[in-house]
Structure formats: structure tokens, C-alpha cells
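Structure record follows, encoded as C-alpha cells.
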Amino acid sequence: MKATNAIPKGIKLNHYFTSSSYWFMRTNCPNGMTMFWRDRPFFDQDNDFDTKNAKAATYLRFAVGATDPRGIFASQ
Numbered sequence: 010m011k012a013t014n015a016i017p018k019g020i021k022l023n024h025y026f027t028s029s030s031y032w033f034m035r036t037n038c039p040n041g042m043t044m045f046w047r048d049r050p051f052f053d054q055d056n057d058f059d060t061k062n063a064k065a066a067t068y069l070r071f072a073v074g075a076t077d078p079r080g081i082f083a084s085q
């Protein structure tokens, strides 16, 4: 596959699959897999009044999906 440049950007390994025979392939379909921001990340920080410990928080919301089934191929 390397000699024919079948996967020009190379492969990525996912260590969290439950089987070594699973594989997924993303295509160049423009609207295959989508991600929409519902609320962009918001960061906040403050100090605890009693202990003077620094506190940090973030809030974000997003939605993911597939709008075109040609965007990804998979095998199990």
C-alpha cells in the first residue's frame, strides 16, 4: 500500500478498539462527518475564599453526526 500511495496521509492507530480486526476509513466526502458548536468553550477562574486554592472551570457544548453515509467505511 505504501508503494502505491493508497493512503496518502498514512494511518492512525486507535488503542481503544476492542478487537484488532476492526478498521475505519474516512473518505474525502465534504459533508460526511460533521461537528457543530452549540456553545463555544468558555473558561473561568477564581480563588476559593476560605482556602485560597485556585479554581478553574470550562463550559462547552457541541453536536457530532454523519450527514452523508459515504463519509466513512468500517469493518468489524
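Each step along the sequence shown adds one to the number in this note's numbering, with nothing skipped, and position 15 is 24. The beta-carbon is built from N, C-alpha and C at its ideal position, and this holds for glycine as well.
Short Cβ contact (8 Å threshold) for residue i with residue j
{"i": "Trp32", "j": "Ser84", "result": "yes"}
{"i": "Leu22", "j": "Phe51", "result": "no"}
{"i": "Phe71", "j": "Met42", "result": "no"}
Integer-rounded CB distance, given that residue j should sit under 8 Å from residue i
{"i": "Gly80", "j": "Thr36", "result": "6 Å"}
Those residues which DSSP pairs with residue i across a bridge
{"i": "Ile81", "result": "Arg35"}
{"i": "Gly74", "result": "Thr43"}
{"i": "Ala65", "result": "Gln54"}
{"i": "Asp59", "result": "DSSP, once it has assigned bridges, lists no residue as partnering Asp59."}
Own chain residues within Cβ distance below 6 Å of residue i, not counting five before or after
{"i": "Ala65", "result": "Gln54"}
{"i": "Phe82", "result": "Met34"}
{"i": "Asp77", "result": "Cys38, Asn40 and Gly41"}
{"i": "Ser28", "result": "none"}
Contacting residues, own chain, Cβ-Cβ under 7 Å from residue i (five flanking each side not counted)
{"i": "Asp57", "result": "Lys64"}
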